Structures are given as structure tokens and as C-alpha cells.
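Structure, as C-alpha cells:
4 protein chains.
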Amino acid sequence: MPDLDLVVKEIAEEMRQRPDRGEVATYIPELARADANAFGLAVIDADGNVALGGDAETPFSIQSISKVFTLTLALGKAGDLLWQRVGREPSGSAFNSIVQLEYERGIPRNPFINAGAIAVTDLILSGHQPREALGEILRFLQFLADDTTIMIDEQVAASERATGFRNAALANYMKAYGVLSNPVEFTLGVYFHHCAIAMSCRQLAMAGRFLAHQGRNPSTGRSVVSPERARRINAVMLTCGHYDGSGEFAYRVGLPGKSGVGGGILAIAPGKASIAVWSPGLDAAGNSHLGRIALEALTKRLGWSIFGA
Amino acid sequence: MPDLDLVVKEIAEEMRQRPDRGEVATYIPELARADANAFGLAVIDADGNVALGGDAETPFSIQSISKVFTLTLALGKAGDLLWQRVGREPSGSAFNSIVQLEYERGIPRNPFINAGAIAVTDLILSGHQPREALGEILRFLQFLADDTTIMIDEQVAASERATGFRNAALANYMKAYGVLSNPVEFTLGVYFHHCAIAMSCRQLAMAGRFLAHQGRNPSTGRSVVSPERARRINAVMLTCGHYDGSGEFAYRVGLPGKSGVGGGILAIAPGKASIAVWSPGLDAAGNSHLGRIALEALTKRLGWSIFGA
Amino acid sequence: MPDLDLVVKEIAEEMRQRPDRGEVATYIPELARADANAFGLAVIDADGNVALGGDAETPFSIQSISKVFTLTLALGKAGDLLWQRVGREPSGSAFNSIVQLEYERGIPRNPFINAGAIAVTDLILSGHQPREALGEILRFLQFLADDTTIMIDEQVAASERATGFRNAALANYMKAYGVLSNPVEFTLGVYFHHCAIAMSCRQLAMAGRFLAHQGRNPSTGRSVVSPERARRINAVMLTCGHYDGSGEFAYRVGLPGKSGVGGGILAIAPGKASIAVWSPGLDAAGNSHLGRIALEALTKRLGWSIFGA
Amino acid sequence: MPDLDLVVKEIAEEMRQRPDRGEVATYIPELARADANAFGLAVIDADGNVALGGDAETPFSIQSISKVFTLTLALGKAGDLLWQRVGREPSGSAFNSIVQLEYERGIPRNPFINAGAIAVTDLILSGHQPREALGEILRFLQFLADDTTIMIDEQVAASERATGFRNAALANYMKAYGVLSNPVEFTLGVYFHHCAIAMSCRQLAMAGRFLAHQGRNPSTGRSVVSPERARRINAVMLTCGHYDGSGEFAYRVGLPGKSGVGGGILAIAPGKASIAVWSPGLDAAGNSHLGRIALEALTKRLGWSIFGA
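Chains as they are written, first to last, in the numbering used here: chain A, 6 to 314; chain B, 6 to 314; chain C, 6 to 314; chain D, 6 to 314.
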């Protein structure tokens with residue numbers, strides 16, 4: 006097998022030189038300011054070896070990647086009852102589509118489209134104050150990454166809220182069907198804030214390790230979820246993690262992954278490694294352009310596709 | 006690792022005893038006559054060991070499972086140009102939905118929904134006579150399974166054609182957008198016939214081996230497709246192989262798979278085995294009820310999920 | 006021609022005796038309390054003759070009938086620029102559907118579905134305080150009906166707001182596309198309040214007279230809108246006034262009309278009369294069950310259908 | 006009232022001089038050859054006065070205008086049972102949309118979209134040979150227009166059939182739901198042929214007279230349908246006669262009308278006149294551009310809008 010550290014550095018260098026960078030998201034000023042030339046990659050293997058390339062230590066807005074962790078947390082609280090509020094099928098639609106909600110009585114197709122993630126957030130909140138729920142989410146991420154410096158970017162959260170009318174539409178629509186239990190503004194407040202968490206590639210890859218290793222952190226040995234639940238979260242990531250670009254990601258990269266509009270992607274090579282990549286320029290489907298290309302190169306060179314060596 | 010033969014026999018016995026059998030398809034008399042008590046399972050591992058359970062040697066109508074093989078054949082002919090006529094994203098819709106075609110100018114979402122498979126068949130036909138194209142498809146399956154006794158059930162084909170108005174609607178709709186090149190009745194004729202191929206679980210598992218082993222038949226060493234293409238076909242099977250039940254299959258079974266309305270499922274454990282299961286009773290989503298349950302048991306006991314041991 | 010007063014009294018009596026009353030709306034307690042046995046009918050002809058039957062003097066919640074008057078008011082302010090924010094085609098969908106908004110970039114199909122009426126309310130608000138806009142709407146109705154006792158039922162308005170999540174979804178969705186200019190909660194506040202205006206059949210028929218008579222009140226001679234605008238509002242009422250039951254209303258009644266979930270219907274017989282009917286029980290499409298039947302009887306007996314005597 | 010003949014001649018002259026002519030349909034060569042400069046107008050009033058302007062005697066392909074007459078004929082045969090196979094609500098969709106059929110189990114929204122008209126044709130056919138059914142339709146039109154020279158343009162019919170894949174999709178889709186009773190190719194054959202009937206504006210206005218005059222031809226006194234049925238056909242024309250441009254036609258013209266892709270429009274001024282206009286250039290919604298403008302001018306000058314003088 007090729008040397009992991011070498012491959013990571015090679016890919017980071019190749020990405021840095023590419024002229025095609027995608028388009029940085031501009032819907033809020035905090036994201037619009039991101040440097041289109043930034044690129045980071047972090048891979049942590051089963052033995053705890055950390056391979057870093059490029060801007061792997063620079064924090065960025067994880068945005069929708071947070072949905073993997075809120076799903077994990079909510080499953081811990083609600084168990085499989087969660088699936089009464091959210092489906093687990095690919096939607097065939099954009100991340101913020103509301104059409105499917107109308108045809109399916111307010112039940113979002115899966116926990117990774119916006120509507121589904123809002124419903125998951127509502128389950129975490131379940132009667133608590135927004136501040137408490139948010140604290141719990143943040144502490145969970147700090148625990149997973151073993152890093153208490155992880156923070157919420159309050160400016161990003163405020164901007165998300167100020168422009169988040171489409172998410173407000175989704176939340177109100179689900180509320181009309183009784184899919185949300187808490188006041189809409191509470192649920193949305195927690196949602197906008199957990200999307201505004203800032204992490205580096207290294208921190209994100211650390212936080213994702215339990216998904217690669219049967220639900221346990223292989224360094225500490227601490228169990229986060231059961232092996233079966235880890236497999237199942239990976240399955241949902243594979244089929245639904247990139248909205249209406251999920252098929253493309255599976256086809257090209259061949260790993261469970263979750264993207265965020267901030268340009269990050271968390272990818273899991275089961276049994277092998279937790280991977281985080283970041284480059285702010287997005288492709289037409291709203292996923293990190295170079296992030297996806299880098300992951301495709303990585304799985305090909307290391308033979309890590311779950312669909313065959 | 007548990008003994009493969011033992012696990013297969015155990016599962017076949019468990020399935021035989023279950024009272025829940027699903028509902029046999031009734032839209033044509035040939036399928037309606039199927040024995041709801043039938044159950045077969047065949048697993049062929051990397052070393053060529055064949056483990057059979059239940060009615061693993063009984064031929065059944067493979068129906069939509071044929072779409073995996075026609076996709077493979079069409080990719081061999083058209084290469085990646087195929088993807089200009091067919092997408093590779095999950096549809097979020099039923100197998101025979103026409104709505105998505107209208108919104109996306111006649112381009113089917115993926116090669117495993119009916120519309121997509123018809124478009125793939127049209128590519129194989131490409132100017133030839135239906136009889137020739139059909140012969141090519143049949144010979145390809147005979148070659149893959151190393152078994153020249155595999156045949157088309159003409160009665161099934163005739164019944165499919167006599168009742169296939171919805172498929173005729175899909176085909177005519179695509180023809181209106183220029184997605185089909187051949188006369189509609191030619192393409193439909195070949196499509197109805199390749200869906201009517203009859204195979205046993207053993208034959209089907211044999212035919213699927215190249216997908217589990219980097220595109221090659223590990224016994225003969227003969228290459229069918231490149232390793233990358235085998236991975237990619239597996240990826241499309243995982244995200245799209247069970248229509249709007251694809252997420253569920255990935256969540257529960259954790260293998261690329263393709264189901265047919267005759268009650269068969271072909272599943273691939275990359276690097277490990279090719280698997281075929283058959284039980285005619287279907288669940289609400291039109292997939293084999295016991296077939297899916299058997300595969301879930303199999304992957305759990307053998308630790309074969311692609312999403313983690 | 007039959008005697009108007011006699012026909013009105015006859016129909017009121019027939020309706021009172023019918024056992025089929027439809028289902029009273031129950032989504033807010035104020036509407037749920039309505040008496041299913043109530044029935045009122047008021048017809049005011051070109052000469053100002055007022056024919057009353059049943060509970061024609063009992064105030065009820067006019068709900069969506071208010072949309073006719075807010076459209077008239079908004080056209081007076083914005084002119085035909087209004088049609089840049091709202092279409093004028095039947096939607097083919099339910100009153101509160103959001104699907105069409107997604108496919109048409111946030112532009113509602115017509116001013117009589119909820120989304121369209123919210124967009125119209127936003128135009129009336131246009132920078133003013135909600136209280137001012139609401140006062141303007143109320144005064145407009147009082148002017149049209151020549152009756153300053155017309156009031157808003159604040160309890161109804163409060164209940165509408167407390168349960169109006171689906172309308173909040175529509176409003177936020179349009180806000181995301183820039184179709185609304187004011188803060189969402191301002192626009193919704195005014196919307197919920199003008200739907201909560203209470204009027205009797207007599208008051209409503211008075212208020213609708215300008216639509217029957219070339220835009221003028223034939224008693225006072227005062228012009229409200231141009232003849233062309235009156236015709237055009239009538240046309241939109243006919244094609245869009247009963248949501249996905251508009252075709253049925255045109256087919257059976259043959260008059261422009263607008264229904265409300267409180268059980269009222271305003272109907273216009275151009276050149277002949279302004280008509281208001283009220284009975285709280287609704288049919289499956291959410292329109293007054295006996296109201297529609299009464300109007301069908303009325304137009305048939307008087308030969309008032311716009312589609313031929 | 007202005008002189009009818011004068012108004013018709015004026016409008017014909019105005020239309021002839023306009024530089025904007027719309028776009029002639031090009032999907033079959035026979036329509037593509039039409040002269041974009043052609044314009045004809047025929048109005049026949051209650052007293053039988055015939056006012057002609059421009060190319061009012063030139064035959065053109067009536068296309069979808071035939072649907073008014075097949076609906077009339079089918080109602081005569083099946084009565085209100087017809088409405089079990091076809092709805093009477095505006096569709097909110099394009100003339101050839103298939104989406105609505107999927108959501109509503111194969112029942113077309115109304116008899117004037119293609120799917121609905123095909124279902125109506127199937128009712129006329131009801132077990133007979135296509136040739137007989139077609140003969141019946143043609144004789145009905147010859148009877149209505151009192152003109153045995155009206156013919157089918159066989160070249161147009163052949164071209165329609167050769168390119169009619171989308172109509173074939175609609176027909177097969179309805180057949181799958183049991184909405185069609187006859188062989189698909191029989192029903193489509195009759196449909197393509199009755200759309201290929203050629204008539205002049207004068208002939209068309211003659212044929213439409215019964216709709217303007219309570220179901221009777223006022224010259225001969227012969228009854229075609231009951232007064233109620235005439236009103237109801239007019240109502241369906243108003244709400245559904247111009248596909249997703251029906252609201253616009255009602256708003257601007259204010260008469261029941263039915264357009265055809267050949268550039269013709271039949272419009273009915275109840276109690277006043279039957280009107281036919283023809284100009285081959287179409288607007289974006291597929292309706293005659295100058296035809297609609299001419300009708301708007303006509304109703305305005307004569308005060309014929311059904312929505313008020």
C-alpha cells in the first residue's frame with residue numbers, strides 16, 4: 006500500500022495547483038469571504054496516524070456536516086423512534102426542496118436534507134432551552150474530536166438566521182404537520198447555530214473516527230454508538246449525504262460522505278480511516294469542487310472504495 | 006469467520022419457517038403462479054466455493070435484475086457516452102414513475118428504474134434487429150454464468166408486452182425527447198424479453214461474480230469490465246438498485262443489490278462474494294420480502310456490510 | 006322573470022330543510038363553533054333591490070372572501086405591476102399548496118390561493134405599519150358596504166396566527182425569493198387579520214356591488230375601479246376563486262365567485278346583481294356545501310349564468 | 006352598438022398591419038408551411054348575420070378546436086358518465102403534461118388537455134372501428150356547419166401520427182389505468198385524424214352557433230344539446246380551453262374559447278354570437294398570437310365580455 010502521508014501531501018499539492026476552484030458560496034458575507042485558494046486534507050487511519058495536507062489546521066464553517074453529528078446524538082436520545090419523524094431514502098431533490106414535504110405529509114425524506122436535519126434538531130431540543138441543546142451538541146463534538154477549543158461562529162449563525170427564510174418555510178411546514186414539537190424559532194435557532202460550528206479538517210477527521218471503527222474511538226477505546234448504528238449512519242451518508250449529487254459522489258468517490266456549503270466534506274473509509282477535506286469553491290450541486298476531486302484521487306490511490314479495490 | 010455453507014443453510018431453513026412471505030406479484034399470470042413458499046439462496050465466494058440453500062437451483066423470472074447486465078453490456082458498447090442518455094442519481098420515485106421524465110426533458114434518473122433500463126436497452130439495440138440484440142444479451146448472460154442452458158421464458162415476455170402500457174408510456178415519452186433511437190416497439194420488445202430471462206440463484210450468483218472481483222471472473226481469470234467500472238456499477242446498484250427502497254436496503258443490508266419483481270435479488274459483497282436470493286413474495290416497495298431479510302441476516306452473520314464490520 | 010325576493014326566500018327555505026349540511030371547519034375553535042344549520046342569502050340587484058333569505062343579517066368570518074377586496078385595493082395602489090408578483094392562472098392545486106411556488110420561483114399562481122393573497126397583502130403593506138394597512142383594508146370594506154359597523158374578530162385573528170404554520174411556510178418561502186418586501190411577521194399579521202373580518206351576507210353583497218356594475222356602486226354612482234378592471238377581477242374570480250374546485254363552480258353555478266372557509270361565498274352576476282351566501286358546512290374542496298347548491302339553484306331559476314341563459 | 010361588419014373588417018385590417026405575428030408551429034411540415042401573414046375572422050350573430058374579415062374562407066387545420074365537438078358528441082353518447090373518465094378542472098399545466106396523470110391515477114384533469122381529449126375520443130370509439138368513429142365525428146361537424154365539404158387533411162393526420170410520441174405516452178399511460186377501453190392505436194388513430202380536420206373561420210363559426218344559443222342552431226331551430234349542457238361546455242371552455250393560458254384568455258378576452266395549434270380559436274359570446282379567428286403565429290403558450298389580440302379588441306369594442314359590459 007502506498008504511504009498515506011505521501012499520498013495526502015501529493016494530493017494537497019495537486020489541488021493547490023489546479024486552476025478550477027468552483028464557486029464560493031455567497032449567500033452570507035461570512036462564507037463569501039472564504040479564500041477560494043484554500044485547500045486542506047486530513048486523514049486519520051485505524052492506528053491513529055494523522056496525515057495532513059494543505060490548510061488542514063484552518064477552521065472553517067462545517068455547515069451541513071454537523072448533520073452527521075446531530076443525527077448521531079438524536080439517535081442516542083430517541084433511538085429508532087427517530088425514523089417516525091424522518092425517512093432514510095434519497096430525496097432525488099435539492100437540499101432545500103419543499104415539494105417532497107407536501108407529497109409526504111411533512112415527513113422529510115432523510116436526515117441530511119435541510120428539512121430532515123431541522124426535524125432531527127427538534128428531537129435533540131425536545132423541551133429544553135435552545136442554549137442547553139446547543140451546548141450539548143457542541144460538547145458532543147468537542148468530546149468526539151477530543152478538543153475543547155471547537156466553537157460556534159456567532160456571526161455566521163446570525164447571518165444564517167437573517168437570511169434563512171427557506172429553512173423557516175421548511176420548519177413551519179413541518180410544524181403544520183406536527184413533525185416539530187418545539188417552537189419553530191427555538192428549533193431554527195439551534196439549527197442555525199450548529200451549522201455555524203467552525204472546525205479544521207484535523208478536528209473533523211478526529212470527530213468522525215467512530216464511524217470508521219465500529220462505533221468506537223480506536224485510540225481511547227471509548228464507544229460512541231453500537232457497530233450496527235455506525236454502519237447504518239454510514240449507509241445513510243452514502244445514499245443521502247450529497248443531496249441530489251449523492252449518486253455522483255458514490256459513483257466517483259465510493260465512500261460514505263457528508264458535504265457542507267462551507268466547502269468541507271467528511272468521508273468515512275470503514276475499517277480504514279476518517280477523512281476530512283476542505284476547499285470553499287463549490288460545484289453546481291453545492292458540494293466542494295476540489296474536495297470531491299481530492300477524495301476521488303485518494304480512494305483510487307489507496308484502493309479504499311467500499312465498492313471494490 | 007463462520008462457515009459459509011452452514012450460514013447459508015441456516016438462513017434458508019429460517020426463511021422456510023417464517024410465516025410472513027410478502028405478496029406475490031399478480032400483474033401477469035406467469036408471476037402470479039409462483040409458489041410463495043419458495044426460497045432459494047446461493048453464495049459464491051472469491052475462491053469459487055458455492056454455498057446453496059433452499060430452492061437455489063430453481064429457475065425464476067429475473068425481471069429487473071437483468072438491468073445490471075444490460076447496463077454492463079451497454080457500457081461496453083457506448084462507454085461513458087451512455088451517461089448522456091441516462092443519469093446516475095437515485096430517483097426518489099417508484100420504479101415506473103413518469104413524473105421525473107417530464108421535469109428533466111426525457112432523461113431518466115438512473116439505469117435501474119424502468120425508463121432508464123429501456124434507454125439502456127435502446128443503446129444495445131442501436132440499429133440492429135431486436136432478435137440480434139436479444140441474442141447478444143442472452144449470450145452475455147450465458148457467458149457470465151458459464152451456462153448455455155439459460156433461456157428466455159417466452160410466455161412471460163408475451164404477457165409483459167400485453168400488459169406493458171406503462172412501460173410503453175415511458176418509452177414513447179423518451180422517444181418524444183429523442184432519448185430513444187430505435188422504433189419504440191423494437192426497444193420495448195427487447196426490453197420485455199430480457200426481463201423475461203429465467204435463471205436460478207446459482208446461475209445468477211455465477212453471473213454476478215465479476216462485480217465482486219474487480220471486473221474479473223476469479224475462476225477463469227477472464228476480464229469482463231475494468232476494476233473501476235465494476236466499482237461504479239456497484240455504486241449505482243447501491244444508490245439506485247431498489248427504486249424508492251434503495252435507502253432502506255443500504256441501511257439494512259449494506260450491500261450493492263438489484264431486485265426484480267419475480268422475487269430475486271442479486272447482491273455483491275465486493276472482494277468477498279456474489280450472492281443471489283429468491284423468494285416470490287414482495288414487500289410494499291416491490292422488493293422480495295424474505296430475500297431482503299435473508300440478505301440482512303447473511304451480511305450481519307458474516308460481517309460483510311460495506312459500511313463496516 | 007321570476008320575482009327575485011320570492012326566489013331568494015324559496016331557496017333559503019329549501020336549504021334550511023336539507024339534511025346534508027357539509028362539515029364545519031374545525032382548525033380553530035371560533036370556526037368550529039359555527040352553527041351547521043345556519044344559512045343566509047342576500048341578493049342586491051342593479052336597481053338596489055335587496056332580497057334577503059335566512060340568516061342574511063348574521064355576521065360570519067369572511068376569511069378568503071377578503072382576498073377579492075385586498076386584490077382590488079392592491080391593484081389600486083400598484084396597478085398592473087401587481088402581476089409581476091402574482092400570476093393569474095388557475096393553480097390546479099389546493100388553497101395552501103407550496104409545490105407550485107418551488108417550481109415557479111416563488112411567484113404564486115394567482116391572488117386567490119393563500120400564497121397569492123399573502124403577496125397581495127404585502128403589496129398593500131408596502132412599508133407601512135401593520136396597523137395602518139389593516140385600517141385601510143377595513144375602511145375600504147366599510148366604504149364599499151356603506152357600513153361602519155364592520156369589524157375584525159380579534160379572537161379569530163389570534164387563533165389563525167397561532168395555528169397558521171402553513172401560511173408562515175408560504176410567506177417565508179416567498180420571502181426567500183424576494184416576492185415579499187415587508188417583514189414576514191408584519192405581512193402575516195395583516196393577512197390573518199383581514200381574513201378575520203366578520204360580515205353578514207347583506208354587508209358582503211353590498212360590498213361586492215361595484216363588481217357587478219362596471220366598477221361603480223349603482224346607488225351612489227361612485228366609481229371604485231374602471232369597468233375593465235371590474236371585468237378582469239371577475240375573470241380571475243371565475244377561473245381561480247374556488248381553488249381546485251374552480252372548474253366545478255363554473256360548471257355548476259356559472260358565475261364569478263369567491264369562497265371562504267367560514268362558509269361564505271360572494272358571487273357576481275355581471276350587470277344583474279351582487280350575491281352573498283353563507284352556510285358553515287363545507288364540501289370536500291373546502292367550499293360551502295349549501296352555499297354552492299343555493300347559488301346553482303339561484304342562477305338556474307333566474308337565468309343568470311354568464312355562460313348562457 | 007357598433008356595426009358588427011364594420012368592427013370585424015376594422016380588426017382584420019389592424020391585424021394585417023401588425024408586425025408581431027407570433028411563431029408558426031413547426032413540429033410537422035404541414036403546419037410549418039402555414040403563412041404567418043394569414044389572418045381570418047368570422048362572427049355570426051343571433052340573427053344569422055355573418056361578418057367576415059381577412060382570410061375567413063381559407064381552410065386551416067383546426068387541431069385542438071376539434072375537442073369542443075368531440076366533447077359534445079361524447080356527452081351525447083355517454084352522458085354525465087363521461088365525467089368518471091375525465092375531470093373538469095383547469096390543470097395548471099401544459100397541454101401535453103403527463104405529471105398530473107400520475108398523481109391522479111390516470112384520470113385527465115379536463116377534456117381539453119391532450120390526455121382528456123384522447124379519453125373523450127376513446128368514449129366515442131367505444132368498440133367501433135376507427136373509420137366509423139371518425140366518420141361520425143366528421144358528419145357531426147358537417148351537420149353543425151351545414152357544409153358537407155368539410156374534410157380531414159390526411160397528410161396532417163399522417164404527420165401527427167408519425168411524430169405523436171408524447172400523445173402515445175399519454176394514451177398508454179391512461180390505458181395502464183384502464184381509462185381507455187379501446188386498443189391504444191385505434192384511439193390514437195381517431196384522435197390524430199379529428200385533429201387534422203380542416204375548416205375555415207366561417208365554417209367554424211357556423212359549427213359553434215349552438216353553444217351561443219342555448220344548444221340550438223337559431224337559423225334552423227334544430228337542437229344539438231340542452232341549454233344546460235351548452236352552458237356547461239362553455240364553462241369548461243372558459244376555465245380549461247387554453248391550457249395553462251386559460252386564466253390569461255379569460256382575463257383579456259372574457260369569452261369561453263378553444264384554441265388549436267394551427268392558429269385557430271373558436272370563441273362563444275353567449276346569447277350574442279359564435280366567433281372564429283385564425284392566424285398561424287402562436288404565442289409562448291401555444292395559442293394564436295393575433296387571434297387572441299383580435300378577440301380582445303372585438304369583445305372590448307362590442308361590450309361582449311361575459312364578465313361585464
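We put the beta carbon where it would ideally sit given N, CA and C, even for glycine.
From a predicted model like this one, the values you see are computed outputs, not experimental measurements.
Sequence-distant residues of the same chain with beta carbon closer than 6 Å to residue i, five excluded per side
| i | result |
| --- | --- |
| C:ASP288 | GLY27 and HIS294 |
| B:MET20 | PHE44, LEU295 and ALA299 |
| A:ILE270 | GLY262, SER264, VAL282, SER293 and GLY296 |
| C:VAL161 | GLU35, SER66 and ALA201 |
| A:TYR196 | ILE123 and THR126 |
| A:LEU149 | ALA212 |
Extent of the continuous beta strand (DSSP E) run through residue i
| i | result |
| --- | --- |
| B:GLY59 | 55-59 |
| D:SER279 | 278-283 |
| A:SER264 | 262-264 |
| B:ALA217 | Element bounds for B:ALA217: not the beta strand (DSSP E) but the alpha helix (DSSP H), 214-217. |
7 Å CB neighbourhood of residue i in its chain, flanking five on each side removed
| i | result |
| --- | --- |
| A:ALA255 | LEU243 |
| C:TYR178 | ILE103, LEU106 and GLY111 |
| A:PHE191 | LEU130 and PRO135 |
| A:GLY252 | none |
Within 8 Å, strictly: CB atoms of residue i and residue j
| i | j | result |
| --- | --- | --- |
| D:ASP249 | C:GLU94 | yes |
| C:PRO223 | C:ALA51 | yes |
| D:ALA235 | D:PRO64 | no |
| B:GLY58 | B:ALA17 | yes |
| B:SER69 | B:VAL241 | no |
| B:GLY313 | A:PRO232 | yes |
| C:GLY92 | C:ASN115 | yes |
| A:GLY268 | A:GLY286 | yes |
| C:ARG257 | C:VAL12 | no |
| D:ILE157 | D:GLN147 | no |
| C:ALA61 | C:ARG207 | yes |
| A:GLY97 | B:GLY246 | no |
Residue i, DSSP secondary structure in three states
| i | result |
| --- | --- |
| D:GLY169 | coil |
| B:ASN110 | The sequence given here has Arg at residue 110 of chain B, not Asn. In this structure, B:ARG110 counts as coil in the three-state DSSP scheme. |
| B:LEU175 | helix |
| A:PHE238 | Per the sequence shown, the amino acid found at residue 238 of chain A is Ile instead of Phe. Helix. |
| D:ARG221 | strand |
| C:ASP85 | helix |
| D:GLY183 | coil |
| C:ASP249 | helix |
| C:VAL195 | helix |
Other residues of its chain near residue i: CB distance less than 8 Å, five sequence neighbours each side excluded
| i | result |
| --- | --- |
| D:LEU193 | ILE123, ARG166, GLY169, ASN172, ALA173 and ALA176 |
| A:VAL230 | THR77, LEU80, GLY81, PHE215, GLY220 and ILE238 |
| C:TRP309 | GLY259, LEU260, ALA274, LYS277, ALA278 and LEU303 |
| A:ASN42 | ARG21 and ARG26 |
First and last residue of the uninterrupted alpha helix (DSSP H) at residue i
| i | result |
| --- | --- |
| D:ASP127 | 119-130 |
| B:ALA17 | 9-22 |
| B:GLN147 | 135-150 |
| A:ARG297 | 294-307 |
For residue i: DSSP bridge partner residues
| i | result |
| --- | --- |
| C:PHE44 | None, per the DSSP bridge assignment. |
| D:ILE157 | D:ILE202 |
| D:LEU271 | D:LYS263 and D:ALA281 |
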